[in-house]
Structures are given as C-alpha cells and as structure tokens.
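Residue numbers (the working numbering): 581 to 976.
Just so it is clear, CB atoms sit at the ideal spot from N, CA and C, and this is done for glycine as well.
Heads up, the thing below is written out as structure tokens.
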Ligand code: AMP
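Structure representation (structure tokens):
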C-alpha cells in the first residue's frame, strides 16, 4: 500500500510517500515559495536530493509538480498515479467536531471550514492542499488527520478556561491542544518499549521542538496538554511566549502603541527563546551563544527547561502518578543537555538519568537508570508515519 502524506501551509507543501505496512518512506520533499515563484525539493529513497524551480502559482501546480516528480521515468518511485491508494492530510484544527481521523467528504470539509476561525493561519491552507489533491486525483480517497483529535479525551476540568461559560457555549472558547499525532505516536511507542498494554500506563510526553508542548497520557488517553485554543499557550517556544498574564499584553500593547493584532504577532513571532535571548529562535544558536557567555541566551534556555519540568510535575499530580516520561521532537530527541536539565528538577519523583545512555541522538533509548522509579525515554517522533498509518487503516 502506498500513501501520499501532505502537510500544506500557506506557501509551502511538505510531502512523503509511505508504505505503512513496511514503515518505509519511498520519497519525500517539499514545495516552497508557492504563489511567489516556486521551488521543489524531491528525494527518492536511497537517492540524491533534487532541487528544481518549477513555476508554482497555486497549490494545484505544486501538487502537480510533486506528482510529476513521483512518476518521473528516471528518478520517480511510482510507475503511475494509480499506485497511490490514498492521501493523508495533516489538518491542524478539528475543534470539537473531530475526535478521530476521518475520510474527507464535502460535509466534512464544511465542518473543517467551520473551525477556520480557531486556526486562521493553518486550516485554510490545509484545505487548499485537500482541494488541490482532489482536483488532480479525483478518485483517490483523502483522509484528514487532526493535530487536535487526540486531545478530545481531555476532561472538562482540564479543557475549560475560567471565562464566562457562555463563551464556551457560543464560541467554543476552550483548550484544544496540538501535536496530538506526535503525542499519540510517542506514547504508544512507550507502551511497546515497556512491553505493557497502552491502556495501563501513565505517560508524560514532552514534544520539544520549535513548537513545544507537554501531554499527560493516562491509560492511552490524553488527559491534559499545555497548548490551548491555539498553539500559543503553555511552554516557552522558539518564537511563542507560552503562558502569560493577559494583563501584561494589555499593558505592553498600550506602552508600545500596538493594536491587538500587532500584540498577538509579538507573542507568536517575536517572543519565546528568540525574544528572551535576542539571538535566534533556533536552540542550537542559543546554546552556542550561552557557551560564549551570553547571559540572556542562558536565561532563555533555563526558562525553557524550568517550564517543561514544571508541567511534568503538574501532570504527575493530574494523573496521580507517572510511570514514564518521553522526550521527542528536535530538542527532545537530540539534546542531551535539555533532557538532563529537565530531569534534574524531577529527582523528587525518584528519577535518575544514565548519563551515558542520555548521550543518544535521534534514537529510541531508555535514558533512565535501571533503579529509576520513573522510566525516561528519548523517542523520535514520526508524524508522517502516524498519518500514513491512520490513513491506511481508514481506507482499508
Ligand atoms: P522541530 O521543530 O521538532 O524540528 O525542532 C527544531 C528545534 O530543535 C530547533 O530549535 C533546533 O535547534 C533544535 N535541535 C535540533 N537538533 C538539535 C541538537 N542536536 N541539539 C540541540 N537542539 C537541536
């Protein structure tokens, strides 16, 4: 079975062709600068990366360029388009309408459009990708896999905000959570590595990348997570502020003479470790600056670690215990120092880290010592494989 996985943004489109039964990536790449000029990156399995500059005025041309590359006589991985059994689309926000992935129908597109207000930067772009694929592959089933779906199991006490109840009733103002595909994938890997049933474990997943969130998974269900109505809430991130007193926003917006939209832009794009360090949103640049003695760079790293540890403690309380902690995404998978520093706050839980094992990068490894009361893992996430699996399961 061959699944095309699409993650479509407003001017970019990432893709992979995956055989989910063999867990094999046959080709991957991305289109960039859609609507500007156009750039296509294509890499077949075991082959060289090819970069071309086809004209990509809209997403339809971008999908067509991807399909052409996939079927190219010399470097393509498909003999014809008929080899694609289904397309799995990453859709960011499913609101309260979607607790699971689903085959895309016209009614469903309307339901996704109804969530556009909740994710104005992401959902419309995701749907443009769906429409472009439908146009070029009218007989191929399309599946939507939502970032929010995994968190629909959160109890009311976790997802309600302390705002007037009618805002929830009228506008669905509440916590939704994101990175659900990753939290689900990683928490399931934990159960496999533990050799225990998924529904018997209390696991905390720390997805630490440019976007970052922590999730409490109790008996196979998300019971709380740090991101909220949007991905702005929770941890300090690459450019996002995470938790903040809303009064601070009113205060600095007045002082800086910013509109509400401008203030939100500051919180989304100019804050986080970038805003604190003044160096970069990339943790590797910040770590380099901190090593050279840049105090603000060090502060941003310390704040990041502190907030991750604080939420792990909170979620251990929310679940009345924790069996396993897993680190994933760019930093979680690769950065031994961040993992070690987070865990050093968690000694009260009986956690001890094996420094040698913690040196791992990009591999599935138990990094806690054998006598650690809570098992700690580094686990690479694979959202594309998770989307391909969900898609295959639905169209079978
Ligand atoms: P992601 O959003 O999951 O792709 O993660 C991107 C972030 O992970 C960037 O800030 C990178 O600097 C960081 N990252 C990736 N590899 C490493 C590494 N080896 N050490 C430290 N940070 C890393």
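Can you pull every residue whose C-beta falls closer than 5 Å to some heavy atom of ligand 1, listed in chain order?
789, 790, 862, 863, 864, 909, 910, 911, 914, 915
Hey, residue 792 and residue 815 are a contact pair by Cβ (cut 8 Å); roughly how many whole angstroms apart?
Looking up residue 792 in the chain shown gives position 212. Looking up residue 815 in the chain shown gives position 235. The distance from the Cβ of residue 792 to that of residue 815 is about 4 Å, consistent with a contact at the 8 Å cut-off.
Rounding to the nearest angstrom, what Cα-Cα distance links residue 741 and residue 972 in this structure?
As a working mapping, residue 741 is identified with position 161 in the chain shown. As a working mapping, residue 972 is identified with position 392 in the chain shown. Between residue 741 and residue 972, the C-alpha separation is close to 36 Å.
By a C-beta neighbour count over all protein chains shown, 10 Å radius and 16 as the cutoff for buried, is residue 769 buried or exposed?
For this step, residue 769 is matched to residue 189 along the chain shown. Under this definition residue 769 is a buried residue.
Residues near residue 753 by beta carbon distance below 8 Å, same chain, minus five either side
In the chain shown, residue 753 corresponds to position 173, counting from 1. Once the five neighbours on either side are set aside, the close Cβ partners of residue 753 are 741, 743, 747, 809.
Within 10 Å of its beta-carbon, does residue 772 have 16 or more other beta-carbons around it, so buried, or fewer, so exposed?
The residue you call residue 772 lines up with position 192 of the chain shown. By the 10 Å Cβ count, residue 772 comes out exposed.
I'd like the list of long-range same chain contacts for residue 703, defined as Cβ closer than 8 Å, with 5 residues on each side in sequence excluded.
Along the chain shown, one-based indexing puts residue 703 at 123. Within the same chain, residue 703 has close Cβ partners 671, 672, 673, 692, 693, 695, 696.
Where residue 914 and residue 582 are concerned, what is the direct C-alpha to C-alpha distance, given to the nearest angstrom?
For the purposes of this step, residue 914 is identified with residue 334 of the chain shown, where counting begins at 1. For the purposes of this step, residue 582 is identified with residue 2 of the chain shown, where counting begins at 1. In a straight line, the C-alpha of residue 914 is about 30 Å away from that of residue 582.
Cβ-based neighbour list, residue 954, same chain, cut-off 8 Å, excluding 5 preceding and 5 following:
As a first step, residue 954 is located in the chain shown; it is residue number 374 there, counting from the start. 902, 903, 904, 905, 926, 929, 930, 931, 948, listed in sequence order.
Please give the ranges of any alpha helix (DSSP H) in the stretch 742-802, keeping only runs that are unbroken, at least 4 residues long and fully inside the region.
745-751, 760-774
Near residue 784, what residues of its chain come up, given a Cβ to Cβ distance below 6 Å and the 5 sequence neighbours on each side ignored?
By 1-based counting over the chain shown, the position of residue 784 is 204. Excluding residues within five positions, the ones whose Cβ falls inside 6 Å are 796, 892, 895, 902, 905.
Expressed to the nearest angstrom, what Euclidean distance is found between the alpha-carbon atoms of residue 708 and residue 873?
In the chain shown, residue 708 corresponds to position 128, counting from 1. In the chain shown, residue 873 corresponds to position 293, counting from 1. For residue 708 and residue 873, the distance between alpha carbons rounds to 46 Å.
For residue 622, count the other beta carbons within 10 Å of its own beta carbon; 16 or more makes it buried, fewer makes it exposed. Which is it?
By 1-based counting over the chain shown, the position of residue 622 is 42. Around the CB of residue 622, 16 or more other CB atoms lie within 10 Å, so the residue is classed as buried.
Do the CB positions of residue 866 and residue 713 come within less than 8 Å of each other?
Counting from one through the chain shown, the residue named residue 866 turns up at place 286. Counting from one through the chain shown, the residue named residue 713 turns up at place 133. Taking 8 Å as the Cβ cut-off, residue 866 and residue 713 do not qualify as a contacting pair.
Given this structure, state the Cα-to-Cα distance separating residue 777 from residue 924, to the nearest angstrom.
As a working note, residue 777 is residue 197 in the chain shown. As a working note, residue 924 is residue 344 in the chain shown. Going by the C-alpha atoms only, they are around 29 Å apart.
I need the DSSP call for residue 609, collapsed to helix, strand or coil.
Walking along the chain shown from the start, residue 609 turns up at place 29. If DSSP states are grouped into helix, strand and coil, residue 609 belongs with the strands.
Identify the continuous beta strand (DSSP E) that holds residue 630 and give its terminal residues.
Counting from one through the chain shown, the residue named residue 630 turns up at place 50. For residue 630, the uninterrupted beta strand (DSSP E) run begins and ends at 630-632, by DSSP.
What do you get for residue 818, buried or exposed, if any count of 16 or more other CB atoms within 10 angstroms of its CB means buried?
By 1-based counting over the chain shown, the position of residue 818 is 238. Buried: at least 16 other Cβ atoms inside 10 Å.
Return the Cβ separation of residue 940 and residue 968 in integer angstroms, given the expectation that the two are a contact with Cβ distance under 8 Å.
To locate residue 940, count along the chain shown from 1; it is residue 360. To locate residue 968, count along the chain shown from 1; it is residue 388. Contact between residue 940 and residue 968 fails: their C-beta atoms lie close to 25 Å from each other, not under 8 Å.
Top-ranked residue by Cα proximity to residue 767, from 907, 965, 657
In the chain shown, residue 767 corresponds to position 187, counting from 1. Looking at the Cα atoms, 907 is the closest of the given residues.
DSSP puts residue 908 in a beta bridge; with which residues?
As a position in the chain shown, residue 908 is number 328, starting the count at 1. In the DSSP output, where bridge partners are listed per residue, residue 908 has 787.
What residue from 963, 655, 642 has the CA that sits closest to residue 625's CA?
Position 45 of the chain shown holds residue 625. Among 963, 655, 642, the Cα nearest to that of residue 625 belongs to 655.
Selected residue, minimal CA-CA separation from residue 648, among 615, 683, 675, 609:
On the chain shown, residue 648 is found 68 positions in, with the first residue counted as 1. Closest by alpha carbon: 609.
Buried or exposed (CB count within 10 angstroms, at least 16 for buried), residue 616
The residue given as residue 616 occupies position 36 in the chain shown. Residue 616 is exposed by the Cβ-count criterion.
Reference residue 962, options 798, 800, 760, closest by Cα
Along the chain shown, read from residue 1 onward, the residue named residue 962 stands at position 382. Among 798, 800, 760, the Cα nearest to that of residue 962 is on 760.
Just the C-alpha distance for residue 636 and residue 667, rounded to the nearest angstrom, thanks.
One-based indexing of the chain shown puts residue 636 at position 56. One-based indexing of the chain shown puts residue 667 at position 87. The straight-line gap from Cα to Cα measures roughly 21 Å.
Measuring only the C-alpha atoms, how far is residue 676 from residue 597?
Taking the chain shown and counting its residues from 1, the one referred to as residue 676 is at position 96. Taking the chain shown and counting its residues from 1, the one referred to as residue 597 is at position 17. Spanning the two alpha carbons is a distance of roughly 30 Å.
Please confirm whether residue 643 and residue 698 have their CB atoms less than 8 Å apart.
If you number the chain shown from 1, residue 643 lands on position 63. If you number the chain shown from 1, residue 698 lands on position 118. No, these two residues do not count as a Cβ contact at 8 Å.
Contact under 8 Å by Cβ, residue 632 with residue 614
Here the question's residue 632 lines up with position 52 in the chain shown. Here the question's residue 614 lines up with position 34 in the chain shown. Contact: no.
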